[in-house]
Each structure stands twice: as structure tokens, then as C-alpha cells.
Amino acid sequence: MATSYHSLTADRVKVGDRLPDLRIPVTATTIVLGASASRDWQPQHHDFAWAKRIGTRDIFLNAPTQGGWISRYITDWAGPIARLARMAYRMKISICPGDLMVLCGTVTKVDKDRTGCVWIDVTVEARVGETLCTSVAVTVSLPEAIGAESPWTRSADRWLVGELPPVTETK
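Printed below as a string of C-alpha cells:
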């Protein structure tokens, strides 16, 4: 059985485009499994009593787990041909069990480097209600158009993440 996947191309993306929201109910299981998968044994990600003792309202999502959700969010939008290049986080408020984390994003830049690789900058926010918990600057590469070179088949000398301008400060 063949499966078809949606794949976005850069010629269909413009600055100001909003990505569809992704709503994620956060549970203690989500938090503990994410921390375990990323080998983060810090007690604030699995021990409620410890989390209370250090002054947080509950156990909370760690950075790698949030990175996983954000990676999924970007690739759900762009499709499997998209190649994540970098992410820069600013975690402000803990995301805890019982929270409904909503990821929302906006395209902030579309650019092509000297080798023809197209880079898309997206600002992603993780919110709980009206509260901004985490802001993330993401850079992802997409093919320029249907049939154009895939970011996944670029040789290392044509994958120039190191030449990109510094990440714009997130909120």
C-alpha cells in the first residue's frame, strides 16, 4: 500500500504565513517519558515532591522534549522533505501536567544562500492559555520548488548552516 505525504516547497511559503496550531495535552507520562528518552534524570522532570521543594508548581517538560514537539510541529507543516537546520529556545515558564500546550508559528524570513539552498525562519511559541511559556527561532530548509534539489541530498559542502546569520533573539 502506497502512502502519500504532503511536502511543502519554498515557492509556496512567504513571510507572515501562519502555521496551523498544534494542541498537546501535557500529562505526567508525557513529561517523564520525554525526560527518560532524552536521558535527563533530573528530579524536577519526574519527582513531584522535589519539584514542589524547589518552588515549581509541578514536574515540567525539559528542553529536549519541547524540541521534539517543535520538530514534529515544523515537519507536520512542511512535510518529510523539510530538513531542520537549527533551533534556539527561550524557556520562560514551566509546562506542567494538566496544561494544554499550544504551538503556533509564523514564517519570519525566506532566503536563498549562494548554493541555492532555501532557508525558512519560523518563530514558534509554546503557550498555555495566554501565557507564553517558550519561544523558539527555527530554521528549516525546503526544496525551492517541486522537482528541485532536496535538502536531504545536499553534500556537506552545500549545506551551509554555519554561514547563516545569527539567530534572531526570541521573545
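This note's numbering applies: residue -13 is where the sequence shown begins, and numbers increase by one.
Each residue gets a CB set at the ideal place from its N, CA and C atoms; glycine is no exception.
Since this is a predicted model, take the numbers as computed values, not measurements.
| task | Please state whether DSSP places R39 in a helix, a strand or coil. | result | In the sequence shown, the residue the question calls residue 39 occupies position 53. In this structure, R39 counts as helix in the three-state DSSP scheme.
| If you check the beta carbons only, do S127 and P137 fall under 9 Å apart? | The residue you call residue 127 lines up with position 141 of the sequence shown. The residue you call residue 137 lines up with position 151 of the sequence shown. The criterion of a C-beta distance shorter than 9 Å is satisfied by S127 and P137.
| said: So for T125, helix, strand or coil by DSSP? | reply: Translated into positions along the sequence shown, residue 125 becomes position 139. Strand at T125.
| task | Assign A35 to one of two classes, buried (16 or more other C-beta atoms within 10 Å of its C-beta) or exposed (fewer than that). | result | Taking the first residue of the sequence shown as 1, we reach residue 35 at position 49. With fewer than 16 other Cβ atoms within 10 Å, it is exposed.
| Should the segment 65 to 75 be called in touch with the segment 0 to 10, which here means at least 3 C-beta pairs below 8 Å? | Between the segment 65 to 75 and the segment 0 to 10 there are fewer than three C-beta pairs closer than 8 Å, too few to call the two in contact.
| request: Please classify T125: is it buried, with 16 or more other beta-carbons within 10 angstroms of its beta-carbon, or exposed? | output: Position 139 of the sequence shown, counted from the start, is the residue given in the question as residue 125. With 16 or more other Cβ atoms within 10 Å, it is buried.
| request: Could you name the residues that DSSP lists as bridge partners for A74? | output: Position 88 of the sequence shown, counting from 1, holds the residue named residue 74. Residue pairing by DSSP places A74 opposite A123 in a beta bridge.
| said: Which residue wins for smallest C-alpha separation from A49, given the options A64, G65 and I17? | reply: Position 63 of the sequence shown, counting from 1, holds the residue named residue 49. In terms of CA proximity to A49, I17 leads the group A64, G65 and I17.
| query | Between I60 and V114, which are expected to be in contact by the criterion C-beta below 8 Å, what is the C-beta distance as a whole number of angstroms? | reply | Position 74 of the sequence shown, counting from 1, holds the residue named residue 60. Position 128 of the sequence shown, counting from 1, holds the residue named residue 114. With a Cβ gap of about 20 Å, I60 and V114 do not count as contacting.
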